[in-house]
Structure formats: structure tokens, C-alpha cells
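Here's the structure, in C-alpha cells; my notes come after.
Protein chains: 2
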Amino acid sequence: MTTSTHPLVSSDNVNGTDVYGRDGAHIGAIDHLMIDKASGKVAYAVMGFGGFLGLGEDYRPVPWGKLTYDPVQGGFVTDLTEAEVQGAPERHDRWYDDRDWERRTHEHYGVPIYWI
Amino acid sequence: MTTSTHPLVSSDNVNGTDVYGRDGAHIGAIDHLMIDKASGKVAYAVMGFGGFLGLGEDYRPVPWGKLTYDPVQGGFVTDLTEAEVQGAPERHDRWYDDRDWERRTHEHYGVPIYWI
Numbered sequence: 001m002t003t004s005t006h007p008l009v010s011s012d013n014v015n016g017t018d019v020y021g022r023d024g025a026h027i028g029a030i031d032h033l034m035i036d037k038a039s040g041k042v043a044y045a046v047m048g049f050g051g052f053l054g055l056g057e058d059y060r061p062v063p064w065g066k067l068t069y070d071p072v073q074g075g076f077v078t079d080l081t082e083a084e085v086q087g088a089p090e091r092h093d094r095w096y097d098d099r100d101w102e103r104r105t106h107e108h109y110g111v112p113i114y115w116i
Numbered sequence: 001m002t003t004s005t006h007p008l009v010s011s012d013n014v015n016g017t018d019v020y021g022r023d024g025a026h027i028g029a030i031d032h033l034m035i036d037k038a039s040g041k042v043a044y045a046v047m048g049f050g051g052f053l054g055l056g057e058d059y060r061p062v063p064w065g066k067l068t069y070d071p072v073q074g075g076f077v078t079d080l081t082e083a084e085v086q087g088a089p090e091r092h093d094r095w096y097d098d099r100d101w102e103r104r105t106h107e108h109y110g111v112p113i114y115w116i
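Here the protein sequences come in this chain order: A and B.
The numbering of the first sequence is the UniProt record's numbering, which starts it at 1 and goes up by one.
The numbering of the second sequence is the UniProt record's numbering, which starts it at 1 and goes up by one.
Right, here's the structure in full:
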């Protein structure tokens, strides 16, 4: 996956796609995507931050709009900062079924909601 | 999966989502999705047609625009016909990396291409 330059990726192979900061530092990897069934848009990348940013091993849903695919690096690039990630609304068990949580999360990250 | 009414689905759980015809008949299931990394749009659902339409067990990439998610049925609905599926451009090993094949396939199915 990480060296692929194919424009398409299988949903089976998303696991492990790397995520880099603007400075090129490796900051984590995508664990899985959450897809809006009605529109077919990827809504969130659930990222694993392995000790990144002092968070310890953690998984956090990041709105897709915060990630840009970079074919040169073979991964995603983001301008996320530690403050943004740590300040995001806390995830709960049913976050993916909670429009209020979703709205607050998108507002926090400053990206448009995906469902309109 | 098939009974879920969540608006979001994990890329890990797409496998097995049912696909129904307009008449409600079960015609196959999604094996995996092919996602356009740059835009985050689902480009294709690769569907398994288990003996559907006389095709025998077969996997065919269907443009996302041919599928509509129906929360009531908990699956996707399509108006695909046997003639459309059988007449689609033949898949080859590198179809997911072949814009010409992709263009012909979208033209065949009468849906807009996803990459513009």
C-alpha cells in the first residue's frame, strides 16, 4: 500500500496507509475508513497514532477533509496539530451514530460536514 | 451489516452488504469497495454475483452511481439488468489502473465518471 501510486485503493487494503505531517514526518496510519453509505463518500479516517504527539497508542476519527493524498509519498498528508487532535470532541461508543458529535467534530476541525 | 441502519459503515465491514434489484430480489453482495484516494469517493463496488443472472459465481466492478443505499432493506438497490452486466467492458488484471477501461465502463453503465 504505502508505495502504491494507483489512484484506487481497495477497502480491504486501507489498513496501514501512512499519514504524514506537512514536514514529512510520519505521524500515524489509517486503521479503517468510515463510509457514508448513502452518498458513498468517505466520512472519516480512523487513524492510529502510535505514541504520536504524546497521546500514546490511540485511535481517533478524523474528518476526511483533513487529509490529502500525496502520490509521491504514497500516503496521506495532514496539517493536524497536537492541539487540534487533543481538543477534538471526545469519542464515545456510538460516535458514528451521533450527528451532534459529528457536527461538533467537523466544527472543531474547521471542515464542512459531509452529509449535506 | 445487513440489518444495520447506521448511516456510516466501516471499510472493514463492507464485505457482504447485500444488493437488491428494483423488485426486491437479492441479486448479490458487495465484496469490497474501490476508493479514489485523492477525492475519498467510492468509485466502484466490486460485487459478487453468486449464480445471479446465469453468470455463475463472478466478481464485477460496478460504478458506485449504479447503487443506491436503502436503509429499509439495509442494503443497496440497483436497476442493473443482465444485459448491462454481461455487456460491460471485460475486466482485466489492471482494470483499476486503466483510465480507458474506466471511461468505457462508466459510459457503458451511463453514469458520470468519478474523477473529474
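All C-beta atoms, glycine included, are put in the ideal place defined by N, C-alpha and C.
Note that the structure is a prediction, hence the values are computed from the model and not measured.
_Any C-beta of chain B within less than 7 Å: which residues of the UniProt domain "PRC-barrel" (11–83) of chain A qualify?_
Ser11, Asp12, Val14, His32, Leu33, Met34, Ile35, Asp36, Lys37, Ala38, Gly40, Lys41, Val42, Ala43, Trp64 and Tyr69
*Val85 of chain B burial status per 10 Å Cβ neighbour count (16 or more: buried)*: buried
*Just the C-alpha distance for Ile27 of chain B and Val14 of chain B, rounded to the nearest angstrom, thanks.*
16 Å
*Taking Cβ positions only, does Val9 of chain A come closer than 7 Å to chain B?*
yes
*Are the C-beta atoms of Asp93 of chain B and some chain A residue less than 7 Å apart?*
no
_Rounded C-alpha distance that separates Gly24 of chain A from Gly16 of chain A_ = 17 Å
_Inter-residue Cα distance where the pair is Trp64 of chain B and Thr81 of chain B_ = 15 Å
*Could you confirm whether any beta carbon from chain B is found closer than 7 Å to the beta carbon of Asp98 of chain A?*
no
*Could you have a look at His32 of chain A and say whether DSSP puts it in helix, strand or coil?*
strand
*asked:* If contacts are defined as beta-carbon pairs under 8 Å, then Leu8 of chain A and Met47 of chain B qualify, I think. What distance do you get, rounded to the angstrom?
replied: Not a contact, Cβ separation roughly 16 Å.
*Return the chain-ordered list of same chain residues with a C-beta closer than 8 Å to the C-beta of Tyr20 of chain B, the five sequence neighbours on each side being excluded.*
His26, Ile27, Asp70, Gln73, Gly75, Phe76, Val77 and Thr78
*Use the C-beta contact count for Asp100 of chain A: other C-beta atoms within 10 angstroms, 16 or more gives buried, fewer gives exposed.*
exposed
*asked:* DSSP three-state label for Gly87 of chain A, please.
replied: helix
*So what does Arg60 of chain B bridge to, in DSSP terms?*
B:Met47
*Where does the unbroken alpha helix (DSSP H) through Tyr20 of chain B begin, and where does it stop?*
Looking at the DSSP string, Tyr20 of chain B is not in any alpha helix (DSSP H); the run it does join, the beta strand (DSSP E), is Asp18 to Gly21.
*asked:* Counting only beta-carbon separations shorter than 7 Å, does His108 of chain A have a partner in chain B?
replied: no
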